[in-house]
Amino acid sequence: MSFGIMLAYSPSLTLIAVAAVAAYAALRWLSYAPLREANAEYLVLAAKENSHFLETLRTIVPMKLSGQQAARRVRWQNLMVDVIDRDVRTQKLDLLFTTASALITGGAALWLLTQGAAQVMENTLSVGMLMAFSSYAGTFSSRVTNLIGHAVELKMLGLHGERLADIALEEAEPLAEVETDLQRIRPCIALRNIGFRYAEGEPWILRHLDFEIAAGESIAIVGPSGCGKSTLIKILLGLLPPTEGEVLIDGIPIRRLGLSVYQQLIGAVIQDDSLLAGSISENISFFAPDFDQGRMEACARTAAIHEEILSMPMGYQSIVGEMGSSLSSGQKQRVLLARALYKQPKLLILDEATSHLDALNEQRIVQAIAPLNLTKIQVAHRAETVACAQRVIALNGELGCEIFVVSNPMSSRAALEEPQSMPT
Ligand code: ADP
Ligand code: MG
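Residue numbers (this note's numbering): 1 to 424.
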């Protein structure tokens, strides 16, 4: 509309206003590529600096032990300098652009005024018309430059979008396709010719795994370090999709069951699992809003940690996690085990979950867990723990695995004496 009125007032002056806007658009277009590049570099450098800083915080103790603080600080300072340097460069570019565009707008306004004044002198335009024209021209150019500015900002946002795309466009975990009654699923697992490698062209870590685990059975997985025990555990947990073959739970492929349904059946302690910042009771109940104190204590007893928690000044309210008071790694493992049990799972999956325990506590846990009515799969080193399993699966890389039946497992003895159910 302003454009129409301007044309009606004076086509020649309108041409000047349009030329100014076009010059501004050209400037924006020219400055877009370098600004975008500088912004992209800034984002990457800032992310690097950030992760370096957080990593330093996390590994502060080993860092001090190895006397690397000074070198580490220097490296961080260098990263910080890079970030600031890039920030200054972006701001300089911005400043250059703002100055140039101010020059264009100012110059155009001056030109408009002199040309308009000349037309007034020649009596082709009245003073009132010139004033009205310049006000309309102002509205016109500010609207158009705003539009261009927003369009450029929108494109710049794409930069952040690209960085998020990796996460956002990742395929969602498949939802349950089958309507299932969790209560009815039996915790028996079948591995159908499972093979796994981390990428195409890399060696097979697991191959030809074809066996079944009955409901209520207790299985130990053994093998030398690096043979793929944790990998197999992650496949059983549904965290890694097998490269070949399929895992079935009570005859239903995990894929079809859906990870969120499947994981309600499982209690797990994975290797290098960690506690979250919060109290011990929050950690055991996994921050459930209405947790059951009785069940929590029963689980802590099974995990042989109840007395130790009670002897802490704040008991179950003691704060743990990265920023809280530190539990020993053995205590941490037992709290993690209590957390796995609190879910009242049908399947207990443990990956070296007792590796930091002394033999006595491990024995107490083994005996407390043995009579529980659930399927147990654990990666274990100690001979005593392995001996409690009914069957032992020894991984053998590409050759598959060997399965041994333990002749007189402690668990079956205990189960015969007095079957118990999960603590409630
Ligand atoms: P274990 O638990 O028996 O010690 P893992 O299952 O952790 O063994 O590892 C088995 C093999 O897979 C090792 O050679 C390890 O280097 C490799 N590996 C583990 N995780 C990854 C990964 N995320 N990417 C590529 N290779 C991996
Ligand atoms: Mg492992």
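Even for Gly, the Cβ is constructed at its ideal location relative to N, Cα and C.
Quick caveat, the model's predicted, so the values are computed rather than measured.
Classification of residue i by the beta-carbon crowding that lies within 10 angstroms, buried from 16 upward
| i | result |
| --- | --- |
| Asp351 | buried |
| Asn123 | exposed |
| Ala303 | buried |
| Gly238 | buried |
| Leu54 | exposed |
| Ala6 | Reading off the sequence, residue 6 comes out as Met, not Ala. Counting Cβ neighbours within 10 Å, Met6 comes out buried, since at least 16 surround it. |
| Met296 | buried |
| Glu362 | buried |
| Ser329 | exposed |
| Lys48 | exposed |
| Lys234 | buried |
| Thr231 | buried |
| Leu154 | exposed |
| Ile185 | buried |
| Lys229 | buried |
| Ile60 | exposed |
| Thr114 | exposed |
| Ala414 | The predicted position of Ala414 is uncertain, since its pLDDT is 44 and thus under 50; a value taken from the coordinates is nonetheless stated next. Ala414 should be labelled buried. |
| Ile167 | exposed |
Any non-hydrogen atom of ligand 1 within 6 Å of residue i CB
| i | result |
| --- | --- |
| Tyr342 | no |
| Ile377 | no |
| Tyr198 | yes |
| Gly425 | It is not possible to answer for residue 425, since the shown part of the chain is limited to 1 through 424. |
| Ile205 | yes |
Other residues of its chain near residue i: CB distance less than 6 Å, five sequence neighbours each side excluded
| i | result |
| --- | --- |
| Ile16 | Trp111, Leu112 |
| Tyr9 | Met129, Phe133 |
| Ala380 | Ala220, Val386 |
| Ile377 | Ile219, Ile349 |
Close Cβ partners of residue i (< 8 Å) along its chain, the five nearest in sequence each way excluded
| i | result |
| --- | --- |
| Leu27 | Phe97, Ala100, Ser101, Ile104 |
| Glu212 | Cys188, Ile189, Ala190, Leu191 |
N- and C-terminal bounds of the alpha helix (DSSP H) containing residue i
| i | result |
| --- | --- |
| Gln378 | Segment 375-379 is the beta strand (DSSP E) holding Gln378; no alpha helix (DSSP H) there. |
| Asn50 | 11-58 |
| Asn193 | Premise fails: Asn193 lies in the beta strand (DSSP E), 189-196, not in any alpha helix (DSSP H). |
| Phe97 | 69-121 |
| Tyr280 | The sequence given here has Ile at residue 280, not Tyr. Ile280 -> alpha helix (DSSP H) spans 280-284. |
| Gly330 | 329-342 |
| His306 | 306-310 |
| Ile233 | 229-236 |
| Gly240 | Note that residue 240 corresponds to Leu in the displayed sequence, not to Gly. Note, Leu240: premise wrong, no alpha helix (DSSP H); not H, not E. |
| Arg425 | Past the edges of the chain, shown from 1 to 424, lies residue 425, and the structure says nothing about it. |
| Ala387 | 383-387 |
Cβ-heavy atom distance, residue i to ligand 2, below 6 Å
| i | result |
| --- | --- |
| Lys332 | no |
| Ser274 | no |
| Lys229 | yes |
| Gln447 | A question about residue 447 goes unanswered here, because the residues of the chain that appear run from 1 up to 424. |
Proximal residues to residue i (C-beta, below 7 Å), its chain only, five neighbours per side dropped
| i | result |
| --- | --- |
| Ala20 | Ile104, Thr105, Ala108, Ser141 |
| Ser421 | Because the pLDDT at Ser421 is just 47, under 50, the model does not fix this residue reliably, and the point stays unresolved. |
| Gly400 | Arg207, His208, Leu209 |
| Asn283 | Leu275, Leu276, Val320, Val335, Arg339 |
| Ala46 | Val83 |
| Ser285 | Phe291, Met296, Tyr342 |
| Lys332 | Leu275 |
| Glu417 | Bear in mind that the predicted position of Glu417 carries a pLDDT of just 43, short of 50, making it too unreliable to give a figure here. |
| His69 | Note that residue 69 corresponds to Gln in the displayed sequence, not to His. The residues are Met63. |
Closest residue to residue i among the options (Cα-Cα distance)
| i | options | result |
| --- | --- | --- |
| Arg197 | Glu384, Ser134, Gly245 | Gly245 |
| Ala40 | Trp76, Asp87, Thr139 | Asp87 |
| Leu265 | Tyr136, Thr375, Ala22, Thr231 | Thr375 |
| Arg89 | Val61, Leu35, Gln333, Lys64 | Leu35 |
| Tyr42 | Leu79, Ala137, Leu182, Pro253 | Leu79 |
| Leu236 | Gly223, Leu65, Pro253, Pro289 | Pro253 |
| Ala214 | Gly251, Ala117, Thr56, Lys64 | Gly251 |
| Leu347 | Leu182, Ser281, Ala151 | Leu182 |
| Val18 | Ile377, Leu257, Leu65, Ser2 | Ser2 |
| Asn396 | Ile377, Trp204, Gly216, Gly294 | Trp204 |
| Ala268 | Gly195, Asp166, Gln344, Leu327 | Gln344 |
Residue range of the beta strand (DSSP E) that includes residue i
| i | result |
| --- | --- |
| Arg301 | Per DSSP, Arg301 belongs to no beta strand (DSSP E); it is in the alpha helix (DSSP H), 293-302. |
| Ser218 | 218-222 |
| Gly161 | Element bounds for Gly161: not the beta strand (DSSP E) but the alpha helix (DSSP H), 127-168. |
| Asp250 | Careful: Asp250 lies outside any beta strand (DSSP E) and carries neither H nor E. |
| Leu347 | 347-351 |
| Glu269 | A small correction: the amino acid at residue 269 is Val; Glu does not occupy that position in the sequence shown. From DSSP, the beta strand (DSSP E) with Val269 extends over 266-269. |
| Arg207 | 206-213 |
| Ile393 | 391-395 |
| Glu200 | Looking at the DSSP string, Glu200 is not in any beta strand (DSSP E), and its letter there is neither H nor E. |
| Val405 | 401-405 |
Distance cut-off 6 Å: residue i Cβ against heavy atoms of ligand 3
| i | result |
| --- | --- |
| Gly195 | Of the ligands one can find in the structure shown, namely ligand 1 and ligand 2, none is ligand 3. |
Min CB distance residue i to chain C below 7 Å
| i | result |
| --- | --- |
| Val81 | Any reference to chain C falls outside this structure, which holds one protein chain only. |
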